[in-house]
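Residue numbering for the sequence shown follows full-length UniProt numbering, starting at 1 and increasing by one per position. Virtual Cβ for every residue (Gly too), placed ideally from N, Cα, C. Here the structure is a predicted model, which is why all the values come from computation and not from measurement.
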Amino acid sequence: QGFKCRIKAVLLYEFPAAAEFILTWCKSIFKSKIMSRFHLLHGDLNKLYKQVPKRILPEEYGGEAGKMEVLWGAWIKKLESYNQWFSEHEKLKSDESKRHGGKFNTGDLFGFEGAFRKLELD
């Protein structure tokens, strides 16, 4: 429920065996609904093509979008074009002098620290 967007599917192709162990371990932590959206694809690219159109896959995976190296370079250029935006937003922070109610005290939220009662069980 904490995800900001709906995850439709996560396709993992050529996934290392050690990482598969971690993914199996994660199944015990995450809800089954989320984990059912993780798909491990081994060797057979036809399963990948059923999920992802060839036109957006790189040539190394039998797609038509171009070489991975070229695609990677294009994304780097795209991110660099947003450099000014990142720099401006890095400086943003809240003005605590304008916050109402004074400073936040965890004791107000969780009660007195160290005020524990003795519990006896038979």
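If I measure Cβ to Cβ from residue i and keep anything under 7 Å in the same chain, skipping five residues before and after, which residues do I get?
i     : result
Ala27 : In the sequence under discussion, the amino acid at residue 27 is Lys, which differs from the Ala named in the question. Cβ neighbours of Lys27 beyond the five flanking positions: Met35.
Apply the 10 Å Cβ neighbour rule to residue i and answer buried if 16 or more other Cβ atoms are within range, or exposed otherwise.
i      : result
Gly63  : buried
Leu79  : exposed
Leu121 : exposed
Leu57  : buried
Between which two residues does the beta strand (DSSP E) holding residue i run?
i     : result
Tyr13 : Val10 to Tyr13
Leu40 : Phe38 to Leu41
Taking residue i as the reference, which of the options has the closest Cα?
i     : options                       : result
Phe15 : Leu57, Pro53, Asp44 and Tyr49 : Asp44
Leu71 : Ser81, Leu121 and Glu59       : Glu59
Phe21 : Leu40, Ala9, Leu11 and Lys31  : Leu40
Val52 : Leu11, Glu90 and Ala19        : Leu11
Would you give the residue range spanned by the alpha helix (DSSP H) that residue i belongs to?
i     : result
His89 : Asn83 to Glu90
Glu59 : Premise fails: Glu59 is in no alpha helix (DSSP H) and is neither H nor E.
Phe21 : Ala17 to Cys26
If I measure Cβ to Cβ from residue i and keep anything under 6 Å in the same chain, skipping five residues before and after, which residues do I get?
i    : result
Ile7 : Arg37
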